[in-house]
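Asks:
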Amino acid sequence: MSVIKNVAIAGSNGALGKPILEVLLQSNKFNITILTRSSSTSTSPYPSSATVLPVDFNSVPSLTAALQSQKIDAVVSCVGTEGLLGQKLLIDAAVAAGVTRFIPSEFGSDLADPPIKALPVFGYKVATSSHLEAVAAENPSFTYTYIRNGGFLDWGLEH
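Using UniProt numbering, read the sequence shown as starting at 1 and increasing by one per residue.
(1) Kindly indicate which three-state DSSP category Thr41 falls into: helix, strand or coil?
(2) Going by DSSP in three states, Leu63 sits in which element: helix, strand or coil?
(3) Tell me the residue span of the alpha helix (DSSP H) that contains Ala94.
(4) According to DSSP, is Pro54 helix, strand or coil?
(5) Could you check if Gly11 is buried or exposed, using at least 16 other CB atoms within 10 Å of its CB as the buried criterion?
(6) What distance in whole Å lies between the Cβ atoms of Ile91 and Leu35, which are believed to be in contact at a cut-off of 8 angstroms?
(7) Could you tell me the distance, in whole angstroms, from the CA atom of Val135 to the CA atom of Val99?
(8) Report yes if the CB atom of Thr128 is closer than 8 angstroms to the CB atom of Pro104, and no otherwise.
(9) Do the stretch 68 to 85 and the stretch 17 to 34 make contact, defined as three or more Cβ pairs closer than 8 angstroms?
(10) Classify residue 246 as helix, strand or coil using the three-state DSSP reduction.
(11) My guess is that Cys78 and Gly14 are in contact by the Cβ rule of under 8 angstroms, so how many angstroms apart are they, rounded?
(12) Given a threshold of 16 other Cβ atoms within 10 Å of its Cβ, counted over all protein chains shown, does Ala8 qualify as buried or as exposed?
(13) Give me the DSSP bridge partner(s) of Phe102.
(14) CA-CA distance, Leu53 and Ser109?
(15) Output the distance between the C-alpha atoms of Arg37 and Asp56, rounded to the nearest integer angstrom.
(16) If distances are taken between C-alpha atoms only, which option among Arg101, Pro115 and Val121 comes closest to Asn139?
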């Protein structure tokens, strides 16, 4: 297995993406690239130690070019609900760019549990997981990791 050095993160401005980005940067083990929507109007400042690349998340060629330009080894997706289905394009771009590891926005419930997987609220996540697993089966050098830590109850209490 190759060493993961160059990491791209999508969804770094969200409730989950911000702390993940902070920890990745604090580790000093990775070269971090932040993928932002090219149409974003966010004024959130990004750390100077990270490369920020505006991309069209609806375009596999745009995503592929961004990932290739930074020689990305791993992609961490922290996209929110509105971006879940779009992860399929990010997965396809990752494969095309030679990325070796993908961590989908799969945090929370364990979709390997059939009763949970059957809940309509998880439809987009199930579709993404199915696509990810099929793509990985066809591309042996492309791997993925699910992080299924359970519900974010603290966040739910605040909102």
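For glycine and all other residues, C-beta sits at the position ideal for the given N, C-alpha and C.
Replies: On the basis of the supplied data:
(1) coil
(2) helix
(3) Gln87 to Ala97
(4) strand
(5) buried
(6) Actually they do not touch by this definition, with Cβ atoms about 13 angstroms apart.
(7) 12 angstroms
(8) yes
(9) yes
(10) Summary: the structure shown does not reach residue 246, with the chain confined to residues 1 through 159, and so no result is reported for it.
(11) 6 angstroms
(12) buried
(13) Val75 and Tyr144
(14) 30 angstroms
(15) 6 angstroms
(16) Arg101
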